[in-house]
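Each remark here refers to the structure printed beneath this line.
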Amino acid sequence: MDFLQSQLEALKATGNYRTLAHAEQEGRYLLKEGRRMLNLSSNDYLGLAADHALYADFLRQVSPRWSLPSSSSSRLLTGNHPVFDELEATLARLYGAEAALTFNSGYDANTGILPALAGKDDLILADKLVHASLIDGMRLGQAHWIRYRHNDLSHLERLLKQEGEAHQRIFIVTESIFSMDGDEAPLRELVELKRRYPHIILYVDEAHAFGLRGSKGLGCAEEAGVTSDIDLLVGTLGKAAASAGAFVVCRQSVRDSLVNRMRPFIFTTALPPLVAAWSLYVIRRLPEMKDKRRRLACMTRYVHEALQAQGISTASHSHIVPIPVGRSGDTIRLAEQVQRRGFYLLPVRPPTVPEGTSRLRLSLRADLTDEEVKNLTHELAASTPFILHPKQHHTDS
Ligand code: PMP
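Position 313, counted from 1, in the sequence shown is what this note's numbering calls 361; the numbers after and before it change by one each time, with no gaps.
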């Protein structure tokens, strides 16, 4: 296995070597190596995973028939517990859609849906910055695929004109809030494009918007009033919904096809019914959680304004705030600096983001206090010289 050693050395040399940290979550804090830090790297955007009273309430009311710790088989064998039907019916009802189907994770959803639905005569046009799971889904399938420049609709339309004729169907694939940049896809314009080209199927991954956007918390499509125009609306349940798994909201025929053809749906043990029951409990309450959504939105505005005042501006207007640095080594040093001050921010490096665009990724969460948000912005302001001129700052210090 010597060949692995040299690969690992190469990762170390470029600052891209990763290890698993021993860390424990304690509410909105993270305990790591004897330090207690505010956890600003989790996807618990509404603070629901940190809300022990909510979980205790769920445990009090969940029926023992629904709290099984294992499904013991695939949904297509003996694992289709009624809780999955109830969860899917609830999601379909909330979205006003024909059907929904749940999966064990967002990774499963995105690696399975495209290979199941897009055939060799089809074309997939995907935003350049879509998540690795979607890229893997395209790689695993038979369809020809091209990535269009990030959020660039004129590039997308040019590709549609050039390539469209030669393909039966064209899948356009995007995230709604992009996981690493925090900026948003122009959903209304994409829907408009779909209206002009009859054979487009629109696939939107709302992983980072589900629970947070729209008056019921259904995502950016709800906010933009276009849920019914999206053919494949994917949401994940391990982020704002504080559970595990994922879902697609779609037509009944799509659901039936996925049940028959989607390999990560068919060939895996279903999530434990207990987890699905918790998802259902949270999803039923999401529409009422307007105060948490409002709080996160206000905090988001405040933090973006504070960063802009320091000359740090990005395309993000969302709760995902990238703090650009550039080189991996500099990003790691900056992360260590802010962690020493009690803010758990992580460096995001290649291959997660393109070479030279390493950044800290700040995930805001609704359960931060005003004081914590203020202290955070002060800390980031103090780090500004490092952020704007990382190399110079490093040699100077
Ligand atoms: N889609 C996006 C946009 C994501 O960011 C992620 C994970 N961070 C996933 C899908 C995968 O979801 P899961 O963690 O449930 O596998």
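We treat Cβ as the ideally placed atom computed from N, Cα and C, and that holds for glycine.
Terminal residues of the beta strand (DSSP E) in which residue i lies
i, result
"N308", "Careful: N308 lies outside any beta strand (DSSP E), inside the alpha helix (DSSP H) at Q300 to R309."
"M85", "R83 to N87"
"T67", "Taken as a continuous stretch (DSSP letters only), T67 belongs to no beta strand (DSSP E), as it is neither H nor E."
"R474", "Here the chain covers residues 49 to 445 and nothing more, so residue 474 does not appear."
"L79", "Y77 to K80"
"A98", "Neither: A98 is in no beta strand (DSSP E) and is coded neither H nor E."
"L394", "L394 to V396"
"R71", "The amino acid occupying residue 71 in the given sequence is Ala; Arg does not appear at that position. A71 to E74 is the extent of the beta strand (DSSP E) around A71."
Reference residue i, options the options, closest by Cα
i, options, result
"A289", "D50, E353, K60 and R341", "R341"
"D277", "P395, Y143 and S366", "Y143"
"R413", "Q358, G404 and D339", "D339"
"L162", "S115, Q190 and L266", "Q190"
"L201", "D175, S224, R217 and L188", "D175"
"L108", "Y329, D170 and G404", "In the sequence on display, residue 108 carries Arg and not Leu. The candidate whose alpha carbon is nearest that of R108 is Y329."
"P234", "S376, I248 and A269", "A269"
"V323", "S111, M49 and G82", "S111"
"H247", "F219, A255 and D253", "F219"
"H70", "G273, R83 and N199", "R83"
"A97", "S291, P372 and I371", "S291"
"E197", "D50, S89, K422 and V221", "Here the sequence assigns Arg to residue 197, which means Glu is not the residue at that position. The option with the nearest alpha carbon to R197 is V221."
"S406", "H256, V274 and G374", "G374"
"S366", "H179, T348 and L250", "T348"
"V252", "W326, R303 and T284", "T284"
"N199", "G212, E211, E223 and Q216", "E223"
"Y103", "R141, V421 and A325", "A325"
"L125", "P399, T317, R195 and I371", "T317"
"R66", "P320, N91, G359 and T400", "T400"
"T379", "N64, S54 and L280", "N64"
"T425", "E403, G404, P402 and R389", "R389"
"L139", "A430, L319 and V282", "V282"
"L171", "G359, N87 and I194", "I194"
"K287", "G359, Y93 and H192", "Y93"
"E302", "L382, L165, Y245 and L410", "The sequence shown places Val at residue 302, not Glu. The option with the nearest alpha carbon to V302 is L165."
"A157", "E254, M85, L135 and D133", "E254"
"E427", "L382, E403 and G160", "L382"
"L431", "G273, F391 and T159", "For the sequence presented, residue 431 should be read as Ser rather than Leu. Selected option, being the one with the closest Cα: F391."
"E403", "S376, N423 and P117", "S376"
"P321", "S54, G127 and L306", "G127"
"S90", "R409, E419, F315 and P130", "R409"
Opening and closing residue of the alpha helix (DSSP H) in which residue i lies
i, result
"Q55", "D50 to A61"
"G377", "S376 to R388"
"I331", "P321 to R333"
"Q358", "Here Q358 belongs to no alpha helix (DSSP H), and DSSP marks it neither H nor E."
Contact test: residue i Cβ vs the ligand SAM heavy atom, cutoff 7 Å
i, result
"T432", "Ligands displayed in this structure: the ligand PMP; the ligand SAM is not among them."
Please give the ranges of any alpha helix (DSSP H) in the region 125 to 162, keeping only runs that are unbroken, at least 4 residues long and fully inside the region.
Positions of the alpha helix (DSSP H) runs, each at least 4 residues long and wholly inside the region 125 to 162, are given as 130 to 143 in order along the chain.
For the pair the region 197 to 210 and the region 179 to 188, tell me if three or more CB-CB distances fall below 8 Å.
The region 197 to 210, when compared against the region 179 to 188, does not touch it at the 8 Å Cβ threshold.
Every unbroken beta strand (DSSP E) within the region 160 to 225, with a cutoff of 3 residues, ordered by chain
Listed in chain order, they are 171 to 175, 192 to 196 and 218 to 223.
Okay, do the region 225 to 236 and the region 322 to 341 touch, 3+ Cβ pairs below 8 Å being the bar?
Contact between the region 225 to 236 and the region 322 to 341 is absent: fewer than 3 CB-CB pairs across the two stretches fall below 8 Å.
Do the region 119 to 128 and the region 351 to 359 make contact, defined as three or more Cβ pairs closer than 8 Å?
The answer is no - the region 351 to 359 does not touch the region 119 to 128, with fewer than three Cβ pairs under 8 Å.
Go through the region 245 to 302 residue by residue and report every complete run of the beta strand (DSSP E) that reaches 3 residues or more, in order.
Considered as a whole, the region 245 to 302 harbours 248 to 253, 280 to 284 and 294 to 298 as its complete beta strand (DSSP E) runs of no fewer than 3 residues, in chain order.
Evaluate the contact criterion for the region 146 to 156 versus the region 292 to 303: three or more CB pairs, one atom per stretch, below 8 Å.
In this structure the region 146 to 156 lies against the region 292 to 303, because at least three pairs of beta carbons, one per stretch, are closer than 8 Å.
Would you say the region 343 to 352 touches the region 411 to 430, given that touching needs at least three Cβ pairs under 8 Å?
Per the Cβ contact rule, the region 343 to 352 is in contact with the region 411 to 430 (3 or more Cβ pairs under 8 Å).
Three Cβ pairs or more, each shorter than 8 Å: is that satisfied between the region 391 to 400 and the region 255 to 271?
Taking a cut-off of 8 Å for Cβ pairs, the region 391 to 400 and the region 255 to 271 do not touch, as fewer than three such pairs fall below it.
Can you find at least 3 beta carbon pairs, one from the region 56 to 66 and one from the region 74 to 94, that sit closer than 8 Å?
Contact fails between the region 56 to 66 and the region 74 to 94, because fewer than three Cβ pairs, one in each stretch, are under 8 Å apart.
So, does the region 300 to 318 touch the region 235 to 245, judging by three or more C-beta pairs under 8 Å?
Not touching, per the Cβ criterion.
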